[in-house]
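Visitor: Per my numbering, residue 1325 is the first one in the sequence shown, and the count goes up by one each step.
Idealized CB from N, CA, C, for every residue including glycine.
One structure coming up, written as structure tokens, with questions to follow.
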Amino acid sequence: MSGIGLYLHIPFCTAKCGYCDFNSYANHEHLIPSYAETLLKEAQLWRQTVGTRPVATVFFGGGTPSLNPVAEMRTIIDGVRSTFVVSPDAEISLEANPGSLSVDYLRGLREIGFNRISIGVQSFDDEELVALDRIHTAADARAAFASAREARFDNVNLDFIYGLPEQPLAAWRRTLEEALALAPEHLSLYALTVEEGTPLARDIARGRVASPDPDVQAEHYEWTQDRLAAAGYEHYEISNWARPGRRCAHNLIYWRNGEYLGLGAGAHSHLHGVRFSTVLLPNRYAELVDASAAGIADGSGPMRQVAGAEQITPELAIADELILGLRLVEGIDRGAFRRRYGRDVRDVYGAIVDEFVGYGLLEETASHLRLTRRGRLLSNELFQRLLPEREPVSA
Ligand code: SF4
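Written as structure tokens, this is what we have:
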């Protein structure tokens, strides 16, 4: 029985960053205690569906999960362990904001079973952090990393954003060199993207901020790949690098098209051949989880917190497998693909494969299909082509 991932979404932040389009809300911290109770109620709703399938990874994302006090985290973790079969060696991760971390807090997390922490540093340049509306400083980030080590976290990811508006390569190099000097086990490095509807998108539209330059971002990415290879990091996903043996097990479940359950407002799931997501607003989420619990009790129907669901047909599963799997640097294992779907990748996407091999963006071997180095820069062009028509159905 293969393990699933469990994701818990904590949608609260101290302030909203200008580039962020995640489902997160500033100034709602008062909801944190009741939200934790709702998460556990929702976990109960899924208990039977998950059954005895082992939970291989538990990931608290957000938002800013590190706003949750240790006592609250203990309640949630204990609740998760008593509801599902969490593997004894499960990877248990928390996304954390440098502004909200102390050694005592991190020690508390270690005691209750967290074994991986992901710190959203984003930059070691204070001016860049201000431009990104981050509430922490570079000094906070350094202190957060030191605290994680002091609390005996030996599996630490640092998150960074490169290709900021008008950011020269030299500035990105300074940030990444400082990150390397800390020797984290894992690095997640994303080019800044301008998401519709964000304050950043509005500032760019009004001419107050320059748009990120895709050529500069490509230059940053190229240099980064070389620098991290020289520093001994394995590049295992388009935007992720790890020391040997330190790849993120939770995210690998996503990229390998595996199954996971997402709890919380706006969380996404892939379970039993269905992809579904939960309502976005925390208050509405709490009301609907209560209604679902009552619905199960009186037999009138469960899972009202699910806002949208999609049955995964074999065609969609194949497209998902390719789009997700090609994000991995090792690419798609063609033998595993044949065993899973009874067909070769070429039987389904032969023409597109030929076209993109011709452009030098894909590389085909007897055993694998993978993006080339240039393909990693232009992966979205290929992923768009692989996207099938999708028809959402209501829950
Ligand atoms: S801390 Fe993260 S989730 Fe919160 S607003 Fe900033 S980018 Fe978004």
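1. Spatial neighbours of residue 1345 within its chain, please: CB distance less than 6 Å, with the 5 preceding and 5 following residues excluded, ordered by chain position.
2. Which class does residue 1474 belong to by DSSP, given the choice of helix, strand or coil?
3. Please determine, among 1668, 1691 and 1655, the residue with the shortest C-alpha to C-alpha distance to residue 1703.
4. May I have the straight-line CA-CA distance separating residue 1515 from residue 1680, to the nearest angstrom?
5. In angstroms with no decimal places, state the Cα-to-Cα distance between residue 1732 and residue 1503.
6. Please confirm if the stretch 1457–1476 is in contact with the stretch 1426–1437, defined as three or more CB-CB distances below 8 Å between the two stretches.
7. Within this structure, are the beta carbons of residue 1540 and residue 1487 separated by less than 9 Å?
8. So if DSSP puts residue 1337 in a beta bridge, which residue, or which two residues, is it bridged to?
9. Give me, in chain order, the residues of the same chain whose beta-carbon lies closer than 7 Å to that of residue 1594; leave out the 5 immediate sequence neighbours on both sides.
10. Rounded to the nearest angstrom, how far is the Cβ of residue 1420 from that of residue 1573, given a contact under 8 Å?
11. To which residues of the same chain is residue 1341 closer than 7 Å at the C-beta, ignoring the five residues directly before and after it?
12. Can residue 1553 be considered in contact with the ligand SF4, in the sense that its beta carbon sits closer than 8 Å to one or more heavy atoms?
13. Would you say the beta carbon of residue 1517 comes nearer than 8 Å to a heavy atom of the ligand SF4?
14. Could you check which residue in 1360, 1645, 1647 and 1337 has the C-alpha nearest to that of residue 1610?
15. Among 1631, 1662, 1629 and 1410, whose alpha-carbon lies nearest the alpha-carbon of residue 1645?
16. Go to residue 1481, then tell me how far its alpha helix (DSSP H) extends in each direction, as first and last residue.
17. What is the DSSP secondary structure of residue 1543, reduced to helix, strand or coil?
18. By Cβ distance, which residues of its chain are closer than 6 Å to residue 1653, with the 5 residues on each side in sequence left out?
19. In the DSSP output, which residue or residues are listed as bridge partners for residue 1657?
20. Among 1664, 1676, 1671 and 1647, which residue has its Cα nearest to the Cα of residue 1700?
21. Do residue 1333 and residue 1589 have their beta-carbon atoms positioned less than 9 Å apart in this structure?
22. Taking 8 Å as the cut-off, does the CB of residue 1668 come closer than this to any heavy atom belonging to the ligand SF4?
23. Tell me which residue opens and which closes the beta strand (DSSP E) that residue 1533 is part of.
24. Can you find a heavy atom of the ligand SF4 that lies under 8 Å from the Cβ of residue 1655?
25. Are there 16 or more other CB atoms within 10 angstroms of the CB of residue 1354, so buried, or fewer, so exposed?
26. For residue 1330, which three-state DSSP category applies?
27. Measuring from the CB of residue 1563, is there a heavy atom of the ligand SF4 at a distance below 8 Å?
28. From the DSSP output, in three-state form, read off residue 1719 for me.
Guide: According to the structure shown:
1. Translated into the one-based positions of the sequence shown, residue 1345 becomes position 21. 1519 and 1522.
2. Counted from its first residue, the sequence shown places residue 1474 at position 150. If DSSP states are grouped into helix, strand and coil, residue 1474 belongs with the helices.
3. Here residue 1703 corresponds to residue number 379 of the sequence shown, with the count starting at 1. Minimum Cα distance to residue 1703 is reached at 1655.
4. Residue mapping note: residue 1515 aligns to position 191 of the sequence shown, counting from 1. Residue mapping note: residue 1680 aligns to position 356 of the sequence shown, counting from 1. Rounded to whole angstroms, residue 1515 to residue 1680 spans 23 Å at the Cα level.
5. This structure leaves residue 1732 out entirely; the chain is present only between 1325 and 1719.
6. yes
7. Against the sequence shown, residue 1540 aligns to sequence position 216. Against the sequence shown, residue 1487 aligns to sequence position 163. It is a contact, given that the beta carbons lie within the stated cut-off.
8. Start at 1 with the first residue of the sequence shown, and residue 1337 comes out as number 13. Its beta-bridge partners are 1350.
9. Taking the first residue of the sequence shown as position 1, residue 1594 is located at position 270. Once the five neighbours on either side are set aside, the close Cβ partners of residue 1594 are 1583 and 1584.
10. Here the question's residue 1420 lines up with position 96 in the sequence shown. Here the question's residue 1573 lines up with position 249 in the sequence shown. Not confirmed; about 18 Å, so no contact.
11. As a first step, residue 1341 is located in the sequence shown; it is residue number 17 there, counting from the start. Cβ within range, chain order: 1456, 1457 and 1458.
12. One-based indexing of the sequence shown puts residue 1553 at position 229. For the ligand SF4, not one heavy atom lies less than 8 Å from the Cβ of residue 1553.
13. Taking the first residue of the sequence shown as 1, we reach residue 1517 at position 193. Residue 1517 Cβ: outside cutoff for every heavy atom of the ligand SF4.
14. Taking the first residue of the sequence shown as position 1, residue 1610 is located at position 286. Considering only alpha carbons, the answer is 1360.
15. As a position in the sequence shown, residue 1645 is number 321, starting the count at 1. Among 1631, 1662, 1629 and 1410, the Cα nearest to that of residue 1645 belongs to 1662.
16. To locate residue 1481, count along the sequence shown from 1; it is residue 157. No alpha helix (DSSP H) holds residue 1481; the beta strand (DSSP E) holding it covers 1480–1486.
17. For the purposes of this step, residue 1543 is taken as the residue at position 219 of the sequence shown. Residue state, collapsed to three classes: helix.
18. Numbered from 1 along the sequence shown, position 329 holds the residue referred to as residue 1653. For residue 1653, where only same-chain residues beyond five positions count, the Cβ hits under 6 Å are 1559 and 1560.
19. Position 333 of the sequence shown holds residue 1657. Paired residue(s): 1692.
20. Walking along the sequence shown from the start, residue 1700 turns up at place 376. Residue 1647 is the option with its Cα nearest to residue 1700.
21. Residue numbering aside, residue 1589 sits at position 265 when the sequence shown is read from its first letter. Residue numbering aside, residue 1333 sits at position 9 when the sequence shown is read from its first letter. Against a cut-off of 9 Å, the Cβ pair of residue 1333 and residue 1589 comes out as a contact.
22. Numbered from its first residue, the sequence shown carries residue 1668 at position 344. Incorrect: residue 1668 has no Cβ contact closer than 8 Å to the ligand SF4.
23. Here residue 1533 corresponds to residue number 209 of the sequence shown, with the count starting at 1. Unbroken run through residue 1533: none, as it is neither H nor E.
24. Position 331 of the sequence shown, counted from the first residue, corresponds to residue 1655. For the ligand SF4, not one heavy atom lies less than 8 Å from the Cβ of residue 1655.
25. Within the sequence shown, numbered from 1, the residue matching residue 1354 stands at position 30. Classification of residue 1354: exposed, given that the 10 Å Cβ count is below 16.
26. Here residue 1330 corresponds to residue number 6 of the sequence shown, with the count starting at 1. Strand at residue 1330.
27. Counted from its first residue, the sequence shown places residue 1563 at position 239. The answer is no for residue 1563.
28. Against the sequence shown, residue 1719 aligns to sequence position 395. With a pLDDT of only 41 at residue 1719, under 50, the local geometry of the prediction cannot be trusted, and the value read off the model is given with reservation. Coil, per DSSP.
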